[in-house]
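Trainee: My structure is below; once you've seen it, I'll send some questions.
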Amino acid sequence: EAGVAQSPRYKIIEKRQSVAFWCNPISGHATLYWYQQILGQGPKLLIQFQNNGVVDDSQLPKDRFSAERLKGVDSTLKIQPAKLEDSAVYLCASSPRVRQETQYFGPGTRLLVL
Amino acid sequence: AQTVTQSQPEMSVQEAETVTLSCTYDTSESNYYLFWYKQPPSRQMILVIRQEAYKQQNATENRFSVNFQKAAKSFSLKISDSQLGDTAMYFCAFSAGGTSYGKLTFGQGTILTVHP
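Line by line, the protein sequences give chains X and C.
Numbering-wise, the first sequence is residues -17 to 96 according to my numbering.
Numbering-wise, the second sequence is residues 44 to 159 according to my numbering.
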């Protein structure tokens, strides 16, 4: 079974530029999560999708971050414009259903904003 | 809101020995799940073990076991016969039941180094 795929693995941009990350969850997984992991900290949930609907985006900085999950499969997370404090690893995870299911994580995208 | 605290930023252990990582949490929920995730330097987060709060029996997975003290809100991870491949960052995580939709709240992490 293929795992969660993410791309790119690394990205370096200058502040005020825009960037997009892509995630492909495990086949058949209904729930998809985006987490932000700042160096030295635990991951923090940004947004959660159930199929193609958002169920939690309370910690997503909506003035600059956006995410979509078209057709309930792949997802894209965008930052526009980026700030220095957005430097982090962005992790995508998926689980078969909502609630209590184990989440399977992708390798992450490491973003550096200069 | 739930909080998860890992009070040990770094731990080290000799190969083949046993080490225990600590985790405490705070919640008003009665139905919840606790997890330990491992994140090696390659950064792929991997589930180590999970515990359902309604189960009194502590979870075990081969060399990994937990000590779940519900009243004390404590959830420690014991690694027996430590191996070099156990070197990683370990995160304790909490997921509430009910309407939380499975969101994970993570602790700050503990860096574990296994020495030969």
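Each residue gets a CB set at the ideal place from its N, CA and C atoms; glycine is no exception.
Here the structure is a predicted model, which is why all the values come from computation and not from measurement.
(1) Residue range of the beta strand (DSSP E) that C/Leu64 falls in?
(2) Could you name the residues of the same chain whose beta carbon sits closer than 7 Å to that of C/Thr156, not counting the 5 residues immediately before and after it, in chain order?
(3) Relative to the C-alpha of X/Ser97, which candidate in C/Glu58, C/Cys135, C/Met88, C/Gly145 has its C-alpha closest?
(4) Less than 8 Å separating the beta-carbons of C/Val62 and C/Ile154?
(5) Flag this pair as touching only if the region 65 to 72 of chain C and the region 104 to 118 of chain C have three or more C-beta atom pairs under 8 Å; answer yes or no.
(6) Please tell me whether C/Leu127 has its Cβ less than 8 Å away from any Cβ of chain X.
(7) I want to see whether chain C comes within less than 8 Å of X/Pro7, judged by CB atoms only; does it?
(8) What residues in the region 46 to 76 of chain C have a beta carbon less than 7 Å from any beta carbon of chain X?
(9) Under the three-state reduction of DSSP, which class applies to X/Glu67: helix, strand or coil?
(10) Would X/Tyr86 and X/Ala70 qualify as a contact pair, given that the criterion is a beta-carbon distance under 8 Å?
(11) Among the residues of its own chain, which have a CB less than 7 Å from the CB of X/Leu73, if the five just before and after it don't count?
(12) Between X/Asp68 and chain C, is the shortest Cβ-Cβ distance under 8 Å, so that the two count as touching?
(13) State the beta-bridge partners of C/Asn74 as determined by DSSP.
(14) With a CB to CB cut of under 6 Å and the five nearest residues on each side skipped, what residues in its chain are close to X/Pro2?
(15) Is X/Pro63 close to chain C? Criterion is C-beta to C-beta, closer than 8 Å.
(16) Got a sec: is the Cβ-Cβ distance from X/Pro89 to anything in chain C below 8 Å?
(17) Which bits of chain X does C/Gln87 rub up against, with CB to CB less than 7 Å?
(18) Are there 16 or more other CB atoms within 10 angstroms of the CB of X/Ala49, so buried, or fewer, so exposed?
(19) Taking all protein chains shown into account, do 16 or more other C-beta atoms lie within 10 angstroms of the C-beta of X/Lys53, making it buried, or fewer, making it exposed?
(20) How should C/Tyr169 be labelled, buried or exposed, when 16 other C-beta atoms within 10 angstroms of its C-beta is the threshold for buried?
(21) For C/Asp124, I'd like the list of residues in its chain whose CB is within less than 7 Å of its CB, leaving aside the five on either flank, ordered along the chain.
(22) Do you know how far the Cα of X/Tyr15 is from the Cα of X/Arg46?
(23) Mind listing, in chain order, the continuous alpha helix (DSSP H) runs of no fewer than 4 residues lying wholly within the region 74 to 127 of chain C?
Mentor: Working from what's here:
(1) In the second sequence, counting from the first residue as 1, residue 64 of chain C sits at position 21. 62 to 64 is the span of the beta strand (DSSP E), which, as asked, contains C/Leu64.
(2) By 1-based counting over the second sequence, the position of residue 156 of chain C is 113. These residues qualify, in order along the chain: Ser55, Thr130.
(3) Chain X is shown from -17 up to 96; residue 97 of chain X falls before or after that span and cannot be answered.
(4) Within the second sequence, numbered from 1, the residue matching residue 62 of chain C stands at position 19. Within the second sequence, numbered from 1, the residue matching residue 154 of chain C stands at position 111. It is not a contact, given that the beta carbons lie outside the stated cut-off.
(5) Two segments are said to touch when three or more pairs of C-beta atoms, one from each, lie closer than 8 Å; by this definition the region 65 to 72 of chain C touches the region 104 to 118 of chain C.
(6) Within the second sequence, residue 127 of chain C is the residue found at index 84, counting from 1. Not an interface residue.
(7) Looking up residue 7 of chain X in the first sequence gives position 25. Answer no: the Cβ-Cβ gap between X/Pro7 and chain C never drops below 8 Å.
(8) Identification of residues in the region 46 to 76 of chain C having a C-beta nearer than 7 Å to some C-beta of chain X yields Tyr76, given in sequence order.
(9) Translated into the one-based positions of the first sequence, residue 67 of chain X becomes position 85. Taken through DSSP and simplified to helix, strand or coil, X/Glu67 comes out as helix.
(10) Numbered from 1 along the first sequence, position 104 holds the residue referred to as residue 86 of chain X. Numbered from 1 along the first sequence, position 88 holds the residue referred to as residue 70 of chain X. Their beta carbons are not under 8 Å apart, which means X/Tyr86 does not touch X/Ala70 by this criterion.
(11) If you number the first sequence from 1, residue 73 of chain X lands on position 91. Closer than 7 Å at the Cβ level, and outside the excluded window around X/Leu73, lie Tyr17, Gln19, Pro25, Phe87, Gly88, Gly90.
(12) Walking along the first sequence from the start, residue 68 of chain X turns up at place 86. Not an interface residue.
(13) Position 31 of the second sequence, counting from 1, holds the residue named residue 74 of chain C. C/Asn74 has no beta-bridge partner at all, per DSSP.
(14) Position 20 of the first sequence, counted from the start, is the residue given in the question as residue 2 of chain X. Rather than Pro, the amino acid found at residue 2 of chain X in this sequence is Ala. Thr58, Lys60, listed in sequence order.
(15) Within the first sequence, the letter at position 81 stands for residue 63 of chain X. Not an interface residue.
(16) Along the first sequence, read from residue 1 onward, the residue named residue 89 of chain X stands at position 107. For X/Pro89, the closest Cβ of chain C is nearer than 8 Å.
(17) Indexing the second sequence from 1 puts residue 87 of chain C at position 44. Close partners of C/Gln87 in chain X (Cβ separation under 7 Å): Phe87, Pro89.
(18) Within the first sequence, numbered from 1, the residue matching residue 49 of chain X stands at position 67. In summary, X/Ala49 is buried, with 16 or more beta-carbon neighbours lying within 10 Å of its beta-carbon over all protein chains present.
(19) Locating residue 53 of chain X in the first sequence gives position 71, where the first residue counts as 1. When all chains shown are included, X/Lys53 counts as exposed.
(20) No answer is possible for residue 169 of chain C: the residues shown for chain C start at 44 and end at 159.
(21) The residue you call residue 124 of chain C lines up with position 81 of the second sequence. Hits under 7 Å: Ala59, Arg106.
(22) Reading the first sequence from its first residue, position 64 is the one you call residue 46 of chain X. Reading the first sequence from its first residue, position 33 is the one you call residue 15 of chain X. If you take the alpha carbons of X/Arg46 and X/Tyr15, they lie about 18 Å apart.
(23) Secondary structure remark: continuous alpha helix (DSSP H) runs of at least 4 residues inside the region 74 to 127 of chain C: none found.
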